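So in the working numbering, spot 259 of the sequence shown is number 260, and the numbers just go up one at a time. To start, the structure under review is shown below, and the notes come after it.
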Amino acid sequence: MPTPSSQPFCASSIIGTGSYMPAKVLTNDDLSKIVDTSDEWITTRTGIKERRIAAPDEATSDMAAEAARRAMADAGVSAEDIQLIIVATVTPDMFFPSTACFVQKKIGAVNAVCFDVSAACSGFLYALQVARHFINTGNRITALVIGAEKLSSLVNWQDRNTCVLFGDGAGAVVIRRACENEPEAQGRVLSTVMGSDGNLTDLLKVPGGASACPITPENVASRPNTIHMEGRETFKHAVTRMLEASQQALEMAGLSAKDVSLVIPHQANARIIGAIADRLGLPEEKVFMNLDKYGNTSAATIPVALDEARRAGRIKKGDVVLLVAFGGGFTWASSVVRW
Ligand SMILES: CC(C)(COP(=O)(O)OP(=O)(O)OC[C@H]1O[C@@H](n2cnc3c(N)ncnc32)[C@H](O)[C@@H]1OP(=O)(O)O)[C@@H](O)C(=O)NCCC(=O)NCCS
Numbered sequence: 002m003p004t005p006s007s008q009p010f011c012a013s014s015i016i017g018t019g020s021y022m023p024a025k026v027l028t029n030d031d032l033s034k035i036v037d038t039s040d041e042w043i044t045t046r047t048g049i050k051e052r053r054i055a056a057p058d059e060a061t062s063d064m065a066a067e068a069a070r071r072a073m074a075d076a077g078v079s080a081e082d083i084q085l086i087i088v089a090t091v092t093p094d095m096f097f098p099s100t101a102c103f104v105q106k107k108i109g110a111v112n113a114v115c116f117d118v119s120a121a122c123s124g125f126l127y128a129l130q131v132a133r134h135f136i137n138t139g140n141r142i143t144a145l146v147i148g149a150e151k152l153s154s155l156v157n158w159q160d161r162n163t164c165v166l167f168g169d170g171a172g173a174v175v176i177r178r179a180c181e182n183e184p185e186a187q188g189r190v191l192s193t194v195m196g197s198d199g200n201l202t203d204l205l206k207v208p209g210g211a212s213a214c215p216i217t218p219e220n221v222a223s224r225p226n227t228i229h230m231e232g233r234e235t236f237k238h239a240v241t242r243m244l245e246a247s248q249q250a251l252e253m254a255g256l257s258a259k260d261v262s263l264v265i266p267h268q269a270n271a272r273i274i275g276a277i278a279d280r281l282g283l284p285e286e287k288v289f290m291n292l293d294k295y296g297n298t299s300a301a302t303i304p305v306a307l308d309e310a311r312r313a314g315r316i317k318k319g320d321v322v323l324l325v326a327f328g329g330g331f332t333w334a335s336s337v338v339r340w
């Protein structure tokens, strides 16, 4: 365990990224054979063309562990170096133990403290902020922050309003404490803002299968353990909150939208992303989107997109990257990172 430090100018840096997407592809045309929908409707309303579906024996922690291995390889750190694992997920392997503990076992991170964070689609940025607190205070030096979901296990495949939107996958980052007197680390997290509005819990939820509404022989047919969403309301709040959070995170970092090299937004709907980019005055080439391939993978969208953006050469040294998310709760968050 590292000794606590009071050095004033130390911060968290993203030193490696990794992602894992399951092999099985489910296209819009495949879905049109299951529910009354079409490729045209899904593409026009959402931008999604296909999504990945995990194998029946593939749990969230399996995907998370693979993304973590890839992020550790990218960062050049070993599993023993990892002192903290936070998994953001709403599709844990089990109620308990935490998915992070399963990841610890699978990757052999014997020195880590492990727990999960539940903030739906904002979960990765919430987890990043929690990890920052550990790292910036010197409590931990090196951490894995993972967003991983098997949303196919929560989808009602008879509900066309929701089943076309979601997919499975995992993304991970390694973050490490880097102090001013060290060579400048890449991926320095400059700011994070977070918000929640528990008055709007009803608009996006999985109402059953937990303590408020356990599954019983009487209610099982109504599928309460699947995603229920008021799409139009969710859409409006997502645009407002993601815009606000982006502006606040930029302001906190002493920057404005014109300084942004690339925005990596939560990948839920191309029209939501377009509305935010327009209001921030960001041209299309500064907006990263991969939701056409993966749909909405909740807490996984941002770390997966960040990894793909880096590997595609879309992020260069010195770039300012804006991350922004919105999800059930409602919850929202934004982070500014300088590469
Ligand atoms: C879900 C969403 C794509 C729906 O788009 P929309 O333009 O709001 O569409 P509506 O919900 O108003 O539905 C319009 C019509 O399409 C129908 N429809 C819904 N899903 C459909 C589908 N998959 N295929 C064909 N028709 C569909 C509706 O039944 C409705 O028909 P009606 O007018 O006869 O009642 C959109 O609201 C959305 O993306 N919301 C935000 C979702 C989100 O981001 N969630 C996660 C946040 S983290």
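From the three backbone atoms N, C-alpha and C, an ideal C-beta is built for every residue, glycine too. In this text, all values refer to a predicted model and were calculated from it rather than measured experimentally.
- Task: Output the distance between the C-alpha atoms of Leu145 and Pro98, rounded to the nearest integer angstrom.
- Result: Indexing the sequence shown from 1 puts residue 145 at position 144. Indexing the sequence shown from 1 puts residue 98 at position 97. Going from the Cα of Leu145 to the Cα of Pro98 covers about 18 Å.
- Run the CB neighbour count on Met95, radius 10 Å, all protein chains shown included, and call it buried at 16 or more, exposed below. What you label residue 95 is simply residue 94 of the sequence shown in a count that begins at 1. Classification of Met95: exposed, given that the 10 Å Cβ count is below 16.
- Item | One or two residues paired with His134 in a DSSP bridge | By one-based count along the sequence shown, residue 134 stands at place 133. Answer is none; His134 lacks a bridge partner.
- Message: Assess contact between the region 230-237 and the region 250-266, defined as three or more Cβ pairs (one per stretch) separated by less than 8 Å. Is contact present?
- Response: no
- For ligand 1, is there a heavy atom less than 8 Å away from the beta-carbon of Ser154? Translated into the one-based positions of the sequence shown, residue 154 becomes position 153. In this structure, Ser154 has its beta carbon at no less than 8 Å from each heavy atom of ligand 1.
- Item | Contact test: Cys122 Cβ vs ligand 1 heavy atom, cutoff 8 Å | Counted from its first residue, the sequence shown places residue 122 at position 121. True, at least one ligand heavy atom lies under 8 Å from that Cβ.
- Query: DSSP beta-bridge partners for Tyr21?
  - Reply: Here the question's residue 21 lines up with position 20 in the sequence shown. According to DSSP, Tyr21 bridges with Ala171.
- Item | Through-space distance from Ile49 to Ser33, alpha-carbon basis | Within the sequence shown, numbered from 1, the residue matching residue 33 stands at position 32. Within the sequence shown, numbered from 1, the residue matching residue 49 stands at position 48. One C-alpha to the other measures close to 13 Å.
- Task: Closer than 8 Å by C-beta to Pro5: which residues in its own chain qualify, once you throw out the five before and the five after it? Chain order, please.
- Result: Translated into positions along the sequence shown, residue 5 becomes position 4. Since pLDDT at Pro5 reaches only 44, below the 50 mark, its modelled position is unreliable, and the value read off the structure follows with that caveat. Once the five neighbours on either side are set aside, the close Cβ partners of Pro5 are Thr138, Gly139 and Asn140.
- Do the region 97-117 and the region 257-267 make contact, defined as three or more Cβ pairs closer than 8 Å? Under the 8 Å Cβ criterion, the region 97-117 does not count as touching the region 257-267, having fewer than three qualifying pairs.
- Message: Whether or not the region 144-161 and the region 186-198 are in contact is what I'm after, with contact meaning three or more pairs of Cβ atoms, one per stretch, closer than 8 Å; do they touch?
- Response: no
- Query: Would the beta-carbon of Cys11 fall within 9 Å of that of Ile87?
  - Reply: Taking the sequence shown and counting its residues from 1, one reaches residue 11 at position 10. Taking the sequence shown and counting its residues from 1, one reaches residue 87 at position 86. Cβ distance not < 9 Å, so Cys11 and Ile87 don't count as in contact.
- Message: Judging by CA-CA distance, which residue of Gly296, Asn291 and Gly319 is the nearest neighbour of Leu307?
- Response: Along the sequence shown, one-based indexing puts residue 307 at 306. Nearest C-alpha to Leu307: Asn291.
- Can you give the Cα-Cα distance for Met230 and Gly199, rounded to whole angstroms? To locate residue 230, count along the sequence shown from 1; it is residue 229. To locate residue 199, count along the sequence shown from 1; it is residue 198. Distance between the alpha carbons of Met230 and Gly199: 15 Å.
- Task: Alpha carbon to alpha carbon, how far is Phe327 from Ala334? Give it in angstroms, no decimals.
- Result: Counting from one through the sequence shown, the residue named residue 334 turns up at place 333. Counting from one through the sequence shown, the residue named residue 327 turns up at place 326. Distance between the alpha carbons of Ala334 and Phe327 is about 7 Å.
- Trp42 Cβ short of 8 Å to ligand 1 heavy atom set: One-based indexing of the sequence shown puts residue 42 at position 41. Correct: Trp42 has its Cβ closer than 8 Å to ligand 1.
- Task: Can you say whether Thr217 is buried or exposed, counting buried as having 16 or more other CB atoms within 10 angstroms of its CB?
- Result: For the purposes of this step, residue 217 is identified with residue 216 of the sequence shown, where counting begins at 1. When all chains shown are included, Thr217 counts as exposed.
- Task: Tell me where the beta strand (DSSP E) around Cys115 begins and ends.
- Result: For this step, residue 115 is matched to residue 114 along the sequence shown. Where Cys115 is concerned, the enclosing beta strand (DSSP E) stretches over Val114 to Val118.
- Query: Taking the C-alpha atoms as reference points, what is the distance between Ser7 and Leu85?
  - Reply: As a working note, residue 7 is residue 6 in the sequence shown. As a working note, residue 85 is residue 84 in the sequence shown. With a pLDDT of only 46 at Ser7, under 50, the local geometry of the prediction cannot be trusted, and the value read off the model is given with reservation. Distance between Ser7 and Leu85, taken at the CA atoms: about 20 Å.
- Where do the N-terminal and C-terminal ends of the alpha helix (DSSP H) with Pro304 fall, by residue? Position 303 of the sequence shown holds residue 304. Element bounds for Pro304: Thr302 to Arg312.
- Task: Starting from Glu51, follow the beta strand (DSSP E) in both directions and report where the run begins and ends.
- Result: Position 50 of the sequence shown, counting from 1, holds the residue named residue 51. Residues Glu51 to Ile54.
- Task: Take Arg311 as the anchor and find which of Asn29, Asp63 and Asp75 has the nearest alpha-carbon.
- Result: Along the sequence shown, read from residue 1 onward, the residue named residue 311 stands at position 310. Comparing Cα positions, the closest option is Asp75.
- Task: Using only the heavy atoms of ligand 1, determine whether one of them is closer than 8 Å to the beta carbon of Ser262.
- Result: For this step, residue 262 is matched to residue 261 along the sequence shown. No - ligand 1 has no heavy atom lying nearer than 8 Å to the Cβ of Ser262.
- Message: Quick check: what's the CA-CA separation for Ala278 versus Thr302?
- Response: Locating residue 278 in the sequence shown gives position 277, where the first residue counts as 1. Locating residue 302 in the sequence shown gives position 301, where the first residue counts as 1. For Ala278 and Thr302, the distance between alpha carbons rounds to 17 Å.
- Item | Cβ-Cβ distance between Ala128 and Ala121 below 9 Å | As a first step, residue 128 must be located in the sequence shown, where it is residue number 127. As a first step, residue 121 must be located in the sequence shown, where it is residue number 120. Result no, Cβ atoms of Ala128 and Ala121 do not sit closer than 9 Å.
- Task: Spell out the partners DSSP gives Val333 in its beta bridges.
- Result: Within the sequence shown, residue 333 is the residue found at index 332, counting from 1. Looking at the sequence provided, one finds Trp at residue 333 rather than Val. BP columns for Trp333 point to Gly196 and Phe327.
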